[in-house]
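As structure tokens, the structure follows; a few thoughts come after it.
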Amino acid sequence: MSEVVILEEIKCHSDDGIIQKWVINRPSKLNALNQEVTNRIKSLCREVESRPDVRLVIITGSPPLPAAEGKRQKPVSFIAGADITEFAGKNSTEIEQLFRDNAIEAIWNLSVPTIAMVDGFALGGGCEVACSCDIRLASTRSKFGTPEVTLGLIPGYGGTQRLSHLLGYGKAMELILSGEHINAEEAVKIGLVNHIYDSENLEEETLKLAQTIANKSSNTIKIAKATVRAAFENTLKKGIEIEAEAFANIFDTKDAQIGVNAFIERKEPKWQHE
Ligand code: COA
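Residue numbers 2 to 275, in my numbering, belong to the letters of the sequence shown in order.
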């Protein structure tokens, strides 16, 4: 049986660091997230935290398989949501267990940066996976939405909260209450995705950005990510205090000294990731 999440490792240009690419691989179900997929994502998240060489994670979906004879071609999809068939007949206790400490929170809590590389449908849980990543890059043919209300449900992987932060109250409400899909141009306009590219260029552009980030000091990058995150959970005043402390503390790291001295000596920094 094929892996439900294919793991690819790409070497960093500057040293022996690794960029991981996780390909959600259920193309016949438009990469919908079933329990097997979410369990695998959680185990991949644990592995990343135990591996200092992993600098960044890219999450994407498998392309569609060629159409079977007499069947229509399935559409391109990043992730078309949680697997709806797993919701049938479930009560609140069962769902609560399933969604507690879920895979989307595990992605959100990764200390390394994450990029969602979206080609095709990013609906429901798929949109929420994208929102749990730090950066979203998409193809021009992508479609986004939170259609849960059309099933009599609401987003359950953090969508109500993260979309409000990302888009603001009004746009988040419109997306969640209407259940309508929006195209990539609209998604970039409202800040749901950072950039859009033709589908042929999406991977190259994603890897370019991934390399740019992965070739920095991984220690500095983790501190930067955690400090930006403080803006989500704190008042501005508290967030500024957190940044001031992190900024002062970073001067005790090796890489801050390496980076500053490399600039002064007009050399390329050789990070120790410490
Ligand atoms: N869960 C389970 N299966 C899903 C799925 C999901 N979220 N999304 C798509 N699939 C399956 C379909 O059941 C179908 O399976 P089959 O070929 O074995 O019958 C296959 O993926 C292809 O989807 P299909 O609906 O035939 O493609 P389409 O081109 O007609 O429509 C979508 C594409 C994305 C618009 C449509 O599949 C859809 O609306 N999916 C659900 C999106 C959603 O509500 N997500 C939130 C879930 S909480």
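Backbone N, C-alpha and C fix where the C-beta goes; we use that ideal spot for every residue, glycine too.
> Mind checking Thr86: buried by the 16 CB within 10 Å criterion, or exposed?
Replying inline: Translated into positions along the sequence shown, residue 86 becomes position 85. Thr86 comes out exposed.
> Do Asn235 and Ile354 come within 8 Å of each other at the CB atom, strictly closer than that value?
Replying inline: The displayed coordinates of the chain run from 2 to 275. Any statement about residue 354 would go beyond what the structure contains.
> How many whole angstroms separate the CB atoms of Ala123 and Ser143, which I take to be in contact at a CB cut-off of 8 Å?
Replying inline: One-based indexing of the sequence shown puts residue 123 at position 122. One-based indexing of the sequence shown puts residue 143 at position 142. Indeed, because the Cβ distance is near 6 Å, the residues count as touching under 8 Å.
>> Output needed for Ser78: all residues of its chain with C-beta closer than 6 Å, excluding positions within five of it in sequence on either side, in chain order.
In response: By 1-based counting over the sequence shown, the position of residue 78 is 77. Only Leu31, Asn32, Gly62, Gly121 and Phe122 meet the Cβ criterion.
> With DSSP run on the structure shown, which of helix, strand or coil describes Thr147?
Replying inline: In the sequence shown, residue 147 corresponds to position 146, counting from 1. Reduced to three states, the DSSP call for Thr147 is coil.
> Quick one: what's Gln21 bridged to in DSSP?
Replying inline: Here residue 21 is taken as the residue at index 20 of the sequence shown, counted from 1. For Gln21, which the question treats as bridged, DSSP gives the partners Glu10 and Val58.
> Are the stretch 93 to 107 and the stretch 49 to 58 in contact at 8 Å, needing three or more beta carbon pairs?
Replying inline: no
> Roughly how many whole angstroms lie between the Cα atoms of Thr207 and Arg230?
Replying inline: Translated into positions along the sequence shown, residue 207 becomes position 206. Translated into positions along the sequence shown, residue 230 becomes position 229. The straight-line gap from Cα to Cα measures roughly 22 Å.
> Could you give the uninterrupted runs of the beta strand (DSSP E) lying entirely in the stretch 82 to 134, keeping only those of 3 residues or more?
Replying inline: You should have 115 to 119 and 122 to 124.
> Since Glu186 contacts Gly160 with CB under 8 Å, what's their CB separation in whole angstroms?
Replying inline: Here the question's residue 186 lines up with position 185 in the sequence shown. Here the question's residue 160 lines up with position 159 in the sequence shown. Contact between Glu186 and Gly160 is ruled out by a C-beta separation of about 21 Å, above the 8 Å threshold.
> Near Asn216, which residues of its chain fall below 7 Å by C-beta distance, leaving aside the five closest residues on each side in sequence?
Replying inline: The residue given as residue 216 occupies position 215 in the sequence shown. For Asn216, where only same-chain residues beyond five positions count, the Cβ hits under 7 Å are Cys13, His14 and Ser15.
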